[in-house]
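In what follows, a structure is listed as structure tokens, so that the remarks can point back to it.
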Amino acid sequence: MSTLGDKRRSKKYLQDNAPDVPLIPGFSGSSQQVEDLEQAATEIGFPVMLKASAGGGGKGMRIVWESAQLRDELERAQSEASRSFGSSDCILEKYVESSKHVEIQIIGDKYGNVASFFERECSVQRRHQKVIEETPCIFLSDEVRREMGETAVRIAKLIGYENAGTVEFVVDVKTSQFFFLEVNARLQVEHPITEEITGTDLVALQLFVAAGGNLTSLPQMESLKQTGHAIECRLCAEDPSRDFFPEHGTVQLWRPADGLLGPGRNIRYETAIQTGSSVSIHFDSMIAKIVVWAPTRNLAIEKMANVLAHTACVGVKTNQLFLQRCLLDPMFQNPRYNTSFISQNLDRLLRRLDWGERESSRQLITAIPSLFIRKLPQYLPRGSCSRRPFRNVRKQFRNQRYDQVSVHCDVITGDWPGETNAPGEHEQPTLCLWMPAPPQANSQCEQVKLIPLGREQISENEKNQKENAKLLNKAAMAISSQYNYISNKLRHMADDSTAPVDAKVIRWVPILETTPQGSSTSFSATLEVSINGSKVLAHCVTPCSESGLLNHSQVVFCHIPQLGTYIQFHRHSLLSYTEGLRSTVKSQTDEVQNDTLAPMPCKVLSLQKGIGEEVKVGESVMVIESMKMEVSIKASKEGRFETSWKAGDAVEEGKILCRIA
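Anchor point for the sequence shown: position 116 equals 1426 in this note's numbering, and the numbering is continuous, going up by one each time.
Structure (structure tokens):
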């Protein structure tokens, strides 16, 4: 492990003892001086890759495209390597742009026997970390696959390797030539897909050889073969739309796919996550591994996409939808896809949900959170609402049931995936007006009018007022017009041309979860809803909260398998919505646009600029760390850099990191 576990030592050992093993061109010296590395990079040719010598997992890795970047990138790589592995030592190699990351699983015993368990393809990466792995690699020819396996076994036998391990290679897509990358002297995250296609328990086999077992004594080792196709996806708490920035918080609902897509039918979930689990900032962002097997690659891709879509991980942003888009992207279907797959197709992979002709369906979905809250008291256990004021009064009771202003009304906003808003802002609100049912009506079907509240809905009278009120705050004017629009809709509902929507709960199944704290702090259920005759399945959860207090909205999370992800809705009463509008006016008039806030709890690693120093747009001013990842904070405008923090300080989420004055 001391020889092969360190990248520099392993390369030096192979150069001396197995010169026929192909190595990536790189700097063979041990110097960490920028001048020496710049000279080596110039001789090798840019781009080059900096790597932590003592570890992997994407930590301490940087691509350097030109000489001017080398100093800063080396500092970042060394800093990350030191904190992750206890050594700041980095190596420098030629970066092969159009390449695949392919690794061979091996196990060796103390008798000199080494077995190869074939290859894994790990080319779908972000931040140099794998997110999708598959086996077999359909790009490899039988000859190249055999040569790579033999090379991996030869390297392990050369050193007398005892243990489970992985020999990693880079494969040039243009030439199909492979180069030795490194040896990971351990079982890796993605080992389950090898177990799936070989039918071998690698963990048990690792313990077997550690206890002195002889691989040749196992009959199954003589007939190892690849059967079918397996894929693993790493579910990570991160936001792909924000450069995969790590996320944290509480998992409000964890529900693996069920039925034919549930665990046990060539489908594996490996996770400690459950409803109520806290995703901390102190660990890596991966929260679950999902593994599927199928007879063919196409079937495995289809199965994995369906499993991901039906897995409810609600409350913390994840890469769930992003993984589905990667799997179903045409470029992923091409065997020649490489490690640049995500970076080259990022815009397409991050696109908004494409509703197309189903734009009306999107509008209908906004009725689900309102319907969920409306029906919730009927399904709650007796006594669970004992603290609710006027609990003996029927929910949505109206003394003047035919008074048009007295209609039950919700305002629904939603954070739709792939659609970025400013902090605190949500998607265009929708007014949900529930029609009063006749006294004799006994149907479970209700009618609701769904009216979008767009900025364009300003009367001509208000437009004239706006022209004449030059000094009136623009945000306040927009909010005032929206308030008037809602008021007019309520007062003149009979004249409104919006067609009502039929909404009905077909099936309501409470989700009974045991949280790490022992008692649930939320209400959740699986709903099958009919909206205008279309059936929609949704896993809904709402945290117990003090909703209804002035500007407090009620949060409703809805995981909808048809969409493949969840939507965080905010259900407002008219009072809480209008109070929230007042807060919006205040925030838009405050001069906070120059401030950069901490996106999550973090630690300041270094200040790149001095206090009062002039900075330009895009220049790095600070480096912070969170969830084992370094993040460079860059100036969004020109001005003077100001901060009250110093290196080593811990900063709470939402605090001002720095200001460009």
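Ideal Cβ positions, reconstructed from N, Cα and C, are used throughout, including at glycine. A quick note: this is a predicted structure, and the numbers were derived from the prediction, not measured.
Collapsing the DSSP output to three states places histidine 1862 in coil. A Cβ-Cβ separation of about 5 Å places leucine 1497 in contact with alanine 1474 under the 8 Å criterion. Under the 10 Å beta carbon count, serine 1527 is surrounded by fewer than 16 other beta carbons and is classified as exposed.
Annotation: glycine 1843 to glutamate 1612 spans about 28 Å, alpha carbon to alpha carbon. Only buried fits methionine 1614, as 16 or more other CB atoms lie within 10 angstroms of its CB. Rounded to the nearest whole angstrom, the C-alpha separation of alanine 1835 and tyrosine 1689 is 9 Å. CA-CA distance, glycine 1958 to isoleucine 1796, rounds to 50 Å.
Restricting attention to beta strand (DSSP E) runs no shorter than 3 residues, the segment 1407 to 1465 encloses them at 1409 to 1418, 1424 to 1436 and 1439 to 1445, ordered along the chain.
In this structure, the straight-line span from the alpha carbon of glutamine 1388 to that of proline 1640 is close to 37 Å. Counted as a single uninterrupted DSSP element, the stretch harbouring threonine 1831 is not any beta strand (DSSP E), since DSSP gives it neither H nor E. For the segment 1587 to 1645, the continuous alpha helix (DSSP H) assignments of 4+ residues that do not extend past its boundaries occur at 1607 to 1619, 1630 to 1638 and 1640 to 1643, in sequence order.
Here lysine 1440 has Cys1432 as same chain residues with Cβ atoms under 6 Å from its own Cβ, once five neighbours each way along the sequence are excluded. Residue pairing by DSSP places threonine 1852 opposite Phe1833 in a beta bridge. Cβ-Cβ distances below 6 Å link leucine 1347 to Leu1402 in the same chain, with the five nearest sequence neighbours on each side left out; the list follows chain order. For proline 1820, the enclosing beta strand (DSSP E) has its first and last residue at 1811 to 1820. In this structure, glutamine 1562 lies away from threonine 1476, with their beta-carbon atoms at least 8 Å apart. Where glutamate 1940 is concerned, the enclosing beta strand (DSSP E) starts and stops at 1939 to 1944.
Nearest to proline 1911 by C-alpha distance, out of Leu1674, Met1939 and Lys1759, is Met1939. The three-state reading of DSSP puts valine 1717 in coil, since its state is none of H, G, I, E or B. Rounded to the nearest whole angstrom, the C-alpha separation of valine 1519 and isoleucine 1966 is 54 Å. Between the C-alpha atoms of leucine 1659 and leucine 1743 there is a straight-line separation of about 36 Å. Listed as beta-bridge partners of tryptophan 1564 by DSSP are Cys1623. Nearest to glycine 1538 by alpha-carbon distance, out of Ala1350, Cys1447 and Gly1396, is Cys1447. In the DSSP annotation of this structure, glutamate 1505 is not part of any beta strand (DSSP E); the continuous alpha helix (DSSP H) holding it starts and ends at 1501 to 1508. Here histidine 1869 is bridged, per DSSP, to His1849 and Tyr1876.
At a cut-off of 3 residues, the continuous stretches assigned as beta strand (DSSP E) that sit fully inside the segment 1480 to 1549 are 1488 to 1494 and 1539 to 1546.
Here the segment 1485 to 1492 lies against the segment 1450 to 1462, with 3 or more beta-carbon pairs under 8 Å apart. Its Cα nearest to that of serine 1886, the residue His1862 stands out among Phe1879, Asn1655, Pro1746 and His1862. When DSSP states are grouped into helix, strand and coil, proline 1687 belongs to the helix group.
Looking at the DSSP output, serine 1340 shares a beta bridge with no other residue. Pairing serine 1312 with lysine 1322 gives a Cβ-Cβ distance that is not under 8 Å. Looking only at Ser1650, Ala1813, Arg1372 and Thr1740, the smallest Cα-Cα distance to tyrosine 1793 is reached by Thr1740. Going by beta carbons, cysteine 1868 and threonine 1831 fall outside the 8 Å limit. Counting along the chain, aspartate 1905 sits inside the beta strand (DSSP E) bounded by residues 1905 to 1907.
Note: tryptophan 1744 is bridge-paired with His1718 and Val1758 in the DSSP secondary-structure output.
In the structure shown, the three-state DSSP call for leucine 1656 is helix.
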